[in-house]
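**Student:** Counting from 1, position 48 in the sequence shown corresponds to residue 48 in UniProt numbering; the numbering is continuous, with no gaps.
Pasting in a structure now, in structure tokens, and then I'll have a few things to ask.
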Amino acid sequence: MRWTIKPKPKQEDIDVLANALQVDDLVAQLLLQRGITTFEGAKSFFRPQLSELHDPFLMKDMDIAVKRIEEAIDNGENILVFGDYDVDGTTAVALLSSYLLSYYPNVATYIPDRYDEGYGVSFKGIDFAEDNGFSLIVALDCGVKAIDKVAYAKEKDIDFIICDHHRPGTILPNAVAVLDPKREDCSYPYDELCGCGVGFKLIQALGSRRGETIDDLVYYLDLVATAIGADIVPITGENRILAYYGLQVINQQPRIGFKAIIDQLNKKELTITDVVFIIAPRINAAGRMKHGQHAVNLLTETSMDQAMKFASEIEKFNTDRRGLDQEITQEALVQIQENDEEEGFTTVVYKDTWHKGVIGIVASRLIETYYRPTLVFTKSGKKLAASARSVKGFDVYNALEGCADYIEQFGGHKYAAGLTMLEEQYLNFKHQFEKVVKESIDPQLLIPEITIDTEIELKDITPKLMRILKQFAPFGPGNMSPVFMAENIKDTGYAKGVGANAAHLKISVVQQDSYKIDGIGFNMGEKLSLVTSRKSFSAVFSLDENEWQGNVSLQLKLKDIK
């Protein structure tokens with residue numbers, strides 16, 4: 001692991017902010033590292049306000065989209081809400097469809113089949129719209145590159161409104177409106193919204209025309225917060241406000257579908273991390289293992305009994321998914337070894353029987369062993385489909401553009417993408433991808449990095465500091481949980497391996513005249529020898545609260561030791 005300490009802000013800036021906020025230098029430094037330089041900025045950070053959300057009509061084409069939906073409602077047209085099968089797509093479909101259905105009945109939903117139709121807008125979905133009398137399709141979390149599909153719909157007199165957040169190509173689809181803050185000609189002040197976030201801006205605009213305020217729409221923010229966490233978009237600016245209030249809804253008044261999942265958990269309060277690792281995988285499992293419509297059904301259900309049945313089905317999908325991704329990951333690791341590819345700049349693996357629904361998860365798992373840009377391929381109909389994942393700092397989307405001659409279509413983000421290609425192009429692509437990455441990646445990026453906010457003395461770790469740090473939440477990209485480093489610390493003789501096969505490391509440490517503080521390092525059991533016999537060592541960690549038999553104590557959540 002590379003330990004990288006963030007640059008320390010100028011002491012004069014620390015002094016000014018610390019004085020303005022009446023906090024110590026450590027807290028002021030952490031805020032400055034997050035771009036917060038003033039009292040007003042800190043107030044917005046610690047107390048996000050819904051009133052600070054941007055006017056939705058600042059988004060290019062928003063006025064056109066609203067006008068077309070209002071026209072459809074006035075004319076009694078059938079509206080089809082279409083979305084991708086992942087968490088961002090299904091939450092967005094649940095959000096917009098349930099909002100429209102609250103005052104207009106002629107609305108239905110459509111999630112494409114991952115295996116039969118693939119990612120994004122599909123010809124089959126458009127045929128469904130034609131066969132069932134839909135004259136307007138609103139596509140969420142997809143569509144910004146669906147030029148041929150939108151043209152096909154236009155031939156059938158079906159209009160499209162696209163709500164997307166992926167990078168557009170050089171040409172936009174010929175839709176009635178294309179809502180995408182990443183459009184070059186869109187001056188919307190915040191361009192890191194997820195697909196569900198763009199959908200929320202649409203209902204915010206629609207609501208404003210109906211005399212509704214943002215307070216009338218807070219109910220929908222549990223869906224937006226879930227999508228923000230699952231899609232790994234920055235939790236900064238507008239996303240931070242949406243996630244902050246969305247978590248309040250999840251914890252205080254969740255929709256029936258979420259409640260059916262949450263009631264089975266032994267947790268008093270869910271954080272964004274819980275949403276990412278508990279709620280999101282279950283919603284995702286529907287589209288991975290069966291069909292994304294199951295997730296929409298759960299998220300729009302109003303009967304608790306029925307929601308419990310849906311949640312039970314989805315729980316089984318998730319259990320099956322976990323077993324499959326573990327099995328395929330092992331097969332992929334064996335393939336890498338058999339092909340003598342352990343030392344490459346990339347991982348590209350393929351087996352025609354691998355389950356398409358879990359190849360993205362498998363790609364992420366492989367990066368845990370071989371830290372490098374990774375693609376996992378499987379057979380999908382007559383073609384190959386792949387999920388790509390990247391390492392911190394490397395744009396895999398740009399790398400795929402360098403291999404475009406061998407790809408049929410692709411889309412995604414800097415760190416995650418999907419693609420399809422003809423099977424005969426697989427080896428050509430594999431060699432080209434290795435070449436592109438080798439020529440463009442900084443070798444340092446192939447070593448996992450821990451970014452450290454600042455060094456800290458153990459004596460400065462106090463309940464008061466922990467109370468302040470908890471107010472930095474919700475955490476995520478752009479606002480990660482603070483990471484600290486402490487040097488010359490020693491275990492008190494308590495260190496041991498815990499858990500199955502002593503996989504985890506439990507320590508209790510001091511530093512000079514500090515009090516004793518416990519620490520836990522998950523999957524760090526092999527480092528036990530580094531801390532025994534009263535040897536001095538350095539540690540990187542975040543701060544955590546450990547609750548045991550009603551007592552709460554601070555502990556170090558170890559990330560690495562040297």
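Just so it is clear, CB atoms sit at the ideal spot from N, CA and C, and this is done for glycine as well.
Quick one: complete alpha helix (DSSP H) runs, 4+ long, within the region 286-355?
**Tutor:** Note on the region 286-355: whole alpha helix (DSSP H) runs with a minimum of 4 residues are 293-300 and 304-338, in chain order.
**Student:** Please return the same chain residues whose Cβ sits closer than 7 Å to the Cβ of residue 544, not counting the five positions on each side in sequence.
**Tutor:** Contacts found: 555 and 557.
**Student:** Bridge partners for residue 163 per DSSP, in chain order?
**Tutor:** 140 and 179
**Student:** Among 102, 132 and 153, which one has its Cα closest to the Cα of residue 122?
**Tutor:** 153
**Student:** Are the CB atoms of residue 87 and residue 227 nearer to each other than 9 Å?
**Tutor:** Yes. Within cutoff.
**Student:** If I measure Cβ to Cβ from residue 301 and keep anything under 7 Å in the same chain, skipping five residues before and after, which residues do I get?
**Tutor:** 256, 257, 307 and 310
**Student:** Within this structure, are the beta carbons of residue 70 and residue 209 separated by less than 9 Å?
**Tutor:** Yes.
**Student:** So which of 24, 5 and 107 has the shortest CA-CA distance to residue 13?
**Tutor:** 24
**Student:** I believe residue 81 touches residue 138 by the beta-carbon criterion, under 8 Å. Please report the beta-carbon distance rounded to the nearest angstrom.
**Tutor:** 5 Å
**Student:** Could you give the residue range of the beta strand (DSSP E) that holds residue 110?
**Tutor:** Residue range 107-110 is occupied by the beta strand (DSSP E) that includes residue 110.
**Student:** Taking 9 Å as the CB-CB cut-off, is residue 394 touching chain B?
**Tutor:** Within the model displayed, chain B is absent; a lone protein chain is all it includes.
**Student:** Does the region 440-449 come into contact with the region 408-425, if we say contact requires no fewer than three beta-carbon pairs (one atom in each stretch) closer than 8 Å?
**Tutor:** no
**Student:** Whole angstroms is fine: what's the gap from residue 292's alpha carbon to residue 265's?
**Tutor:** 23 Å
**Student:** Using the C-alpha atoms, what's the distance from residue 34 back to residue 478?
**Tutor:** 8 Å
**Student:** Check this for me: beta carbons of residue 375 and residue 346, under 9 Å apart or not?
**Tutor:** Contact flag set, yes.
**Student:** So, with DSSP's three-state summary, where would you put residue 572?
**Tutor:** Residue 572 lies beyond the stretch modelled for the chain, which goes from 1 to 562, so this question has no answer here.
**Student:** From residue 101 to residue 107, what distance separates their C-alpha atoms?
**Tutor:** 6 Å
**Student:** Kindly indicate which residue of 371, 372 and 386 has the alpha-carbon position closest to the one of residue 378.
**Tutor:** Minimum Cα distance to residue 378 is reached at 386.
**Student:** Residue range of the alpha helix (DSSP H) that residue 485 falls in?
**Tutor:** Note, residue 485: premise wrong, no alpha helix (DSSP H); beta strand (DSSP E) at 484-491.
**Student:** Tell me the DSSP bridge mates of residue 555?
**Tutor:** 518 and 544
**Student:** Contact defined as beta carbons within less than 8 Å: I believe residue 534 pairs with residue 490. What is the distance between those atoms, to the nearest angstrom?
**Tutor:** 5 Å
**Student:** Suppose you measure from the CA of residue 426 to the CA of residue 355; what does that come to, to the nearest Å?
**Tutor:** 18 Å
**Student:** What does the Cβ neighbour count give for residue 62, buried or exposed, with the cut at 16 atoms within 10 Å?
**Tutor:** buried
**Student:** When you compare the CB positions of residue 95 and residue 186, do they come within less than 9 Å of one another, or not?
**Tutor:** no
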